[in-house]
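Taken in sequence, the protein lines are chains A and B.
By our numbering, the letter at position 808 of the first sequence is numbered 808, and the numbering carries on one by one without gaps.
By our numbering, the letter at position 127 of the second sequence is numbered 1127, and the numbering carries on one by one without gaps.
Quick reminder that beta carbons are idealized off the backbone N, C-alpha and C, glycines included.
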Amino acid sequence: MANADCIIIQGSNMAECHPVGYQWVAEAKARGAKVIHVDPRFTRTSAVADKHIPIRAGSDVVLLGALINYVITHDLWFKEYVSAYTNAATLVHADYRDAEDLGGLFSGFDPGTGAYDTASWAYAEQGGGTIQEPAGDSEHGAHASARAAGHQFGSGGPPLEHAQVQRDDTLQDPRTVFQILKRHYARYTPEMVQDMCGIGVTDFEYLARAITENSGRERTTCFAYAVGWTQHSLGTQFIRSAAILQLLLGNVGRPGSGIMALRGHASIQGSTDIPTLFNLLPGYLPMPSAGRHDTLTEYLESIASKKQKGYWTDADSYTVSLLKAWWGDAARAENDWAYDYLPRLTGAHGTYETVMGMLEDKVEGYFLLGQNPAVGSSNGRMQRLGMSHLKWLVVRDLNLIESATWWKDGPEIESGELRTEDIETEVFFLPAATHVEKAGSFTQTQRLLQWRHKAVAPPGECQSELEFFFKLGQRIREKLAGSDDERDRPLLDLTWDYPTDEHGDPDAQAVLAEINGRHLNGPDAGKPLSAYTELRADGSTSAGCWIYTGVYAGGINHAANRKPGQEQGPAASEWGWAWPANRRILYNRASADPAGKPWSERKKYIWWDQEQGRWVGDDVPDFPVDRAPGSQPDPDLGGAAALGGDDPFIMQADGKGWLFAPKGLMDGPLPTHYEAQESPVANALYPQQQSPARLVFPRADNLSAPSAGTSGADVYPYVFTTYRLTEHHTAGGMSRWLPYLSELQPEMFCEVSPELAAERGLEPYGWATIISARSAIEAKVLVTERMTPLAVGGHTVHQIGLPYHWGAGSNAVVSGDAANDLLGVTLDPNVQIQESKVASCDIRPGRRPRGEELLALVAEYQARAGVTLETGNRAVTDPTAEGIEPGPGEDGRAAGGSR
Amino acid sequence: MLPAGEHDVRATVAIAVSAVSFIASLPLRPWLGYAPAMARRSFLQWPVVRQLSTGDLLGRGPAVTSPQTRAITPRTATADRVVQSVCPYCAVGCGQRVYVKDEKVVQIEGDPDSPISRGRLCPKGSASEQLVNSPGRQTGVLYRAPRSTEWQHLDLATAIEMVADRFVDTRRRTWQQEDEKGRLLRRTMGIASLGGATLDNEENYLIKKLFTAAGAVQIENQARI
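So, in structure tokens, the structure goes:
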């Protein structure tokens, strides 16, 4: 970011939430870069930016779409970059119908399942066919969505049957991606931005000029976002819109370019790479699904075709090496490397579905490992009531968090919904070790692994997760020892023999070595692998997470590399280790032009050295190192061998950056604006109000407020958004127990504008009650001009800001009502993340009622708004306007566009 | 690991300041009403003279240090050892130096060697010594029996044994070998887990490996949220 000429921070309050990272933005600014903060609130990020542009929460696709439109209509796109490196010239099949044609739906929408059949979005094939995903027909969106398949693309794009795409390099064919893009965003105008985002035309022009004037050969613009973009029912598409814009401007793979995801937990990147996630195996391999991945062959074919381009074609090597790492000698060619030892998915098994499973008594036991869902997850009441149905609960944490004590002092005890003496759940609280009481690696937000050395032993009975799970595994295996039940084989055959110290604690470095992988036979047997390109599908290698292969190359823990920054160049490649291959900027071949020369001296990074016949530069080249810029190998070679000299996107099936996503997304190939699940504003772009493919859960404990244009919308007239403070960390488990931090931010509060305070009679520093369709909470009132009422769609939209760090309990230094109790559960269909950055509420002065009266207040609002299970939960807003039901006089030819 | 005290010797004073800012920074209070209290001091004790004589040109070092401060030794200087670590809060990954004395963490500071953070820490990172030594931290195992209104203490080995028993029992009882079409499932929907984003890669690896081998698929963390 320090190398950027313009930085747009949108969906993040970086200066407060990532303060130390912000020094690089400050440094860029000191060197002349323009910094613009687009956010509903004026924050400390806004205060140190060149400009703050207030936006209505949830309207980001309108703004970004209008920027895309501006770039195209003003002819400001980076032509050589776009033509060579993106799929702009690729032809899409004639069956494709855009949301512009179908009232906000794309072709293939199935109102029965509320999901898309994505087949018609495919690239065109020579001879009139389509290029689908390799495993036969395209997976129906409803299935793909259930396994949150979008998450799988954390290290590369979706698969294609082959990469023999059709192109029109003049970009004139109406079926080229470029022309489709141009049509799709034609109505995303500055006036639409004014109307939907509440951003004036002058501010829009300022933003558009700042970005475009700072993009091109000589200059680069960088975007930064955080959960302000992800936690929406179309969060994936927010980020996709920025990706399209950045590709059009040539801002990917170059210094000071890209889209920086600012993640909020020390190893949240690591816990996605080595996933404690239901839908993934390490290295973004999918968890197998019954009916789709019944055999290893089916599984591998679905990940990548051998005829597509790039490194995903070696998924067989990555998979077999993982199975060898886990099951050692029990993984053999004749049992498909123990593939059937893997359990299968049959749908969505994400954290919210799991909680609903608890309420149905399907889940008996639950482990909470440094996570506090009673405070930190949406619809907190559902979380706590779910836990009350468990037989046993294990909470491993540093402090007695609310998720460990809800049975004693939770809000439902206070409201009378639960009685401690009636709760059957057994609760184990197991104290955890802090970061200095164990050795191990975190992967930070730029994919950098950094090792921590152990400073002291954990106190008392505190244990690391490494020690706890190693010992739990040992005890479980001892209990099953001698079992001849076939179901116990995966546990008994598991490689679980890590070297231990004098206390029996496992050596974290030995685990890292297993993750890195090793040669299993031949002269190098037992030696660590040095790169993922050494992995083989014949059982001769093992690796617990292929993208991390190389971190232990040469038997050295490179995550522990600590050459001081001041003794290194800007890439600081000898501090820690970044996956993959210690590469600091991904797709960096794009930092050079198609001929291999740097786009400019100023933005020089990786280039082709003709004399050496190699790519060289300031980083590890992200490209076959000896593939000359002009190479045009036969695409049918498949894999890395098929990558052309101008295919910088080596993890994409066609080697190109995808402006249009023919595969991989569940809710549309192009980002399209839909309103949030709950919104006081009608969608001015389409008859379709909300994202049709969003995942809804119509349940009595998860009701939604009516949206604009339906009766009862005025009962919850305000928008609220949730956020973090510098002094606290998520649900407070690591901050509300610390006296220093508790003193700095002692109390739950809400931020409201002076106008809203006047409208509702809210007193500064007095109490307010905030009521949603799920719950009501109280907070101290902070009246501040940091909140700006916005003129949207002809009326004023007031937004309320709520930090979400507090929870109701009695053990923390400070406690308070939890903002997440107000939220419902509506999910993005690609990744199953909840919409928690925007919802509807009412606010009124005074504290909330206690006990049963609280429930009565929430019920009274629901009744007044006429809320039912159907409210807000229809997939298609207006079937006659959206090509789902033929209108009078139409033949319905475009009906859903399905074939 | 770094030797104790290295942190201090790195502190260097930038002398290259402009004359204007130099003069502006001088605490010339003796002429501005502060003088009477200092009346008995000799000329040589004037701060500006001390600044010039000690080379503390900015007046932020020895020239203005009180006797009380001079008598204090920082915990970073008396520590037995310094261990390199990484901040456990957000994902910026700031470098930390952990100062240990008598096998206790006595201070945590930013690591100036880190090319990411260059020695800086935010309020949370700066407070992380208290995360380790917080008075409210639970260091013992607690158990709440069904219908009980209170916690009781269990020893760690017993607790792990009880959890293992429940794990095996629930797994057996809730096992799903096949779906209704006879396709392999090989799993339990009776056991779930949430958490991992604050944990180490090696820990997540063992968690995913053990749970997957056991057939538990509902394994999730903050990345979903």
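Whole-Å CB distance - A/R584 paired with A/S573, under 8 Å assumed: The count along the first sequence starts at 1 and reaches residue 584 of chain A at position 584. The count along the first sequence starts at 1 and reaches residue 573 of chain A at position 573. Their Cβ separation, rounded to whole angstroms, is 7 Å, which keeps A/R584 and A/S573 in contact under 8 Å.
Rounded C-alpha distance that separates A/L262 from A/E27: Against the first sequence, residue 262 of chain A aligns to sequence position 262. Against the first sequence, residue 27 of chain A aligns to sequence position 27. When rounded, the distance between both Cα atoms is 17 Å.
Near-chain A residues of the stretch 1200-1222 of chain B - C-beta to any C-beta below 9 Å: D1200, N1201, E1202, E1203, N1204, Y1205, L1206, I1207, K1208, K1209, L1210, F1211, T1212, A1213, A1214, G1215, A1216, V1217, Q1218, I1219, E1220, N1221, Q1222
B/R1173 burial status per 10 Å Cβ neighbour count (16 or more: buried): Taking the first residue of the second sequence as 1, we reach residue 1173 of chain B at position 173. So B/R1173 counts as exposed.
Inter-residue spacing [alpha-carbon to alpha-carbon] between A/S840 and A/A226: Position 840 of the first sequence holds residue 840 of chain A. Position 226 of the first sequence holds residue 226 of chain A. Rounded to the nearest angstrom, the two C-alpha atoms are 22 Å apart.
Extent of the continuous beta strand (DSSP E) run through A/I393: Translated into positions along the first sequence, residue 393 of chain A becomes position 393. Residue identity check: residue 393 of chain A is Leu in the sequence provided, not Ile. Element bounds for A/L393: 392-397.
Distance, A/H265 Cα to A/T726 Cα: Position 726 of the first sequence holds residue 726 of chain A. Position 265 of the first sequence holds residue 265 of chain A. Near 13 Å, if we compare the C-alpha coordinates of A/H265 and A/T726.
Beta carbon of A/R736 nearer than 8 Å to that of A/V814: Here residue 736 of chain A refers to the residue found at position 736 when the first sequence is read from its first residue. Here residue 814 of chain A refers to the residue found at position 814 when the first sequence is read from its first residue. In contact: A/R736 and A/V814 (Cβ atoms closer than 8 Å).
Cβ-based neighbour list, A/H93, same chain, cut-off 6 Å, excluding 5 preceding and 5 following: As a first step, residue 93 of chain A must be located in the first sequence, where it is residue number 93. Excluding sequence neighbours, A/H93 sits near A122, A124, T130.
Closest Cα partner of A/Y366 within the set A/D409, A/K391, A/N379: Numbered from its first residue, the first sequence carries residue 366 of chain A at position 366. If we check each option's Cα against that of A/Y366, A/K391 comes out closest.
Through-space distance from A/G253 to A/D619, alpha-carbon basis: To locate residue 619 of chain A, count along the first sequence from 1; it is residue 619. To locate residue 253 of chain A, count along the first sequence from 1; it is residue 253. Computed Cα separation, rounded: 11 Å.
Cα-Cα separation, A/R502 to A/G657: As a working mapping, residue 502 of chain A is identified with position 502 in the first sequence. As a working mapping, residue 657 of chain A is identified with position 657 in the first sequence. One point to set straight first is that residue 502 of chain A is Glu, not Arg, in the sequence displayed. Each residue's Cα considered, the two are about 52 Å apart.
For A/P648 and A/G104, the rounded distance between their alpha carbons: Reading the first sequence from its first residue, position 104 is the one you call residue 104 of chain A. Reading the first sequence from its first residue, position 648 is the one you call residue 648 of chain A. For A/G104 and A/P648, the distance between alpha carbons rounds to 33 Å.
Bridge-paired residues (DSSP) for B/A1192: Counting from one through the second sequence, the residue named residue 1192 of chain B turns up at place 192. Partner(s): A/Y366, B/Q1218.
Closer than 7 Å at the beta carbon, the chain B residues around A/C222: For the purposes of this step, residue 222 of chain A is taken as the residue at position 222 of the first sequence. Those within 7 Å of A/C222 in chain B number zero; the least Cβ separation is about 16 Å.
Member of B/H1153, B/D1113, B/V1217 whose CA lies at the smallest distance from the CA of A/E567: Locating residue 567 of chain A in the first sequence gives position 567, counting from the first residue. Nearest option by C-alpha distance: B/D1113.
C-beta contact flag for A/Y318 and A/L529 at 8 Å: Within the first sequence, the letter at position 318 stands for residue 318 of chain A. Within the first sequence, the letter at position 529 stands for residue 529 of chain A. Their beta carbons are not under 8 Å apart, which means A/Y318 does not touch A/L529 by this criterion.
Spatial neighbours of A/R217 in its chain, beta-carbon cut-off 6 Å, leaving aside the 5 residues before and after: Working through the first sequence from its first residue, we reach residue 217 of chain A at position 217. Correct list, in chain order: W599, S600.
Cα-Cα separation, A/R56 to B/I1225: Taking the first sequence and counting its residues from 1, one reaches residue 56 of chain A at position 56. Taking the second sequence and counting its residues from 1, one reaches residue 1225 of chain B at position 225. Distance between the alpha carbons of A/R56 and B/I1225: 22 Å.
Runs of beta strand (DSSP E) wholly within the stretch 1131-1201 of chain B (minimum 3 residues, chain order): 1142-1144, 1175-1178, 1184-1194
Spatial distance of A/A119 from A/P754 (CA atoms): On the first sequence, position 119 is the one that residue 119 of chain A refers to. On the first sequence, position 754 is the one that residue 754 of chain A refers to. Their backbone Cα atoms lie some 51 Å apart in a straight line.
Cut-off 8 Å between Cβ atoms - residues of its own chain near A/A457, not counting five sequence neighbours on either side: Start at 1 with the first residue of the first sequence, and residue 457 of chain A comes out as number 457. Closer than 8 Å at Cβ, skipping near neighbours: E437.
6 Å CB neighbourhood of A/P490 in its chain, flanking five on each side removed: Residue 490 of chain A sits at position 490 when you count from the first residue of the first sequence. So the qualifying residues of the chain are Y341.
Alpha carbon of A/E417 to alpha carbon of A/S772, nearest angstrom: Residue numbering aside, residue 417 of chain A sits at position 417 when the first sequence is read from its first letter. Residue numbering aside, residue 772 of chain A sits at position 772 when the first sequence is read from its first letter. Using only the alpha carbons, I get a separation of about 19 Å.
DSSP bridge partner residues for A/K527 (one or two, in chain order): Indexing the first sequence from 1 puts residue 527 of chain A at position 527. DSSP output for A/K527 lists no bridge partner at all.
Partners in chain A for B/E1109, counting only beta-carbon separations shorter than 7 Å: Along the second sequence, one-based indexing puts residue 1109 of chain B at 109. Result: empty, since nearest Cβ-Cβ is about 12 Å, beyond 7 Å.
Closest Cα partner of B/G1110 within the set B/C1094, B/G1195, B/K1124: Taking the first residue of the second sequence as 1, we reach residue 1110 of chain B at position 110. Here the closest residue by C-alpha is B/C1094.
DSSP bridge partner residues for A/E465 (one or two, in chain order): In the first sequence, counting from the first residue as 1, residue 465 of chain A sits at position 465. Note: A/E465 sits in no beta bridge, so no partner.
Helix, strand or coil at A/W451 according to DSSP, with G and I counted as helix: Position 451 of the first sequence, counted from the first residue, corresponds to residue 451 of chain A. Three-state result, A/W451: strand.
Beta-ladder partner(s) of B/Y1099, from DSSP: Position 99 of the second sequence holds residue 1099 of chain B. B/Y1099 pairs with B/V1082, B/Q1107.
Euclidean distance between Cα positions of A/E611 and A/A628: The residue labelled residue 611 of chain A in the question sits at position 611 within the first sequence. The residue labelled residue 628 of chain A in the question sits at position 628 within the first sequence. The straight-line gap from Cα to Cα measures roughly 11 Å.
Short CB-CB distance (under 8 Å) between B/R1224 and chain A: Your numbering for residue 1224 of chain B matches position 224 in the second sequence. It does: the Cβ of B/R1224 has a partner Cβ on chain A nearer than 8 Å.
Beta-bridge pairing of A/M260 - partner residues as DSSP gives them: To locate residue 260 of chain A, count along the first sequence from 1; it is residue 260. According to DSSP, which records beta bridges pairwise, A/M260 is partnered with A/A224.
Through-space distance from A/F153 to A/P662, alpha-carbon basis: Counting from 1 along the first sequence, the entry for residue 662 of chain A is found at position 662. Counting from 1 along the first sequence, the entry for residue 153 of chain A is found at position 153. Their Cα atoms are separated by approximately 14 Å.
Near-chain B residues of the stretch 670-696 of chain A (beta-carbon distance less than 8 Å), N- to C-terminal order: none
Separation of A/G347 from A/L368, as counted between CA atoms: Locating residue 368 of chain A in the first sequence gives position 368, where the first residue counts as 1. Locating residue 347 of chain A in the first sequence gives position 347, where the first residue counts as 1. If I take the Cα positions, the gap works out to 22 Å.
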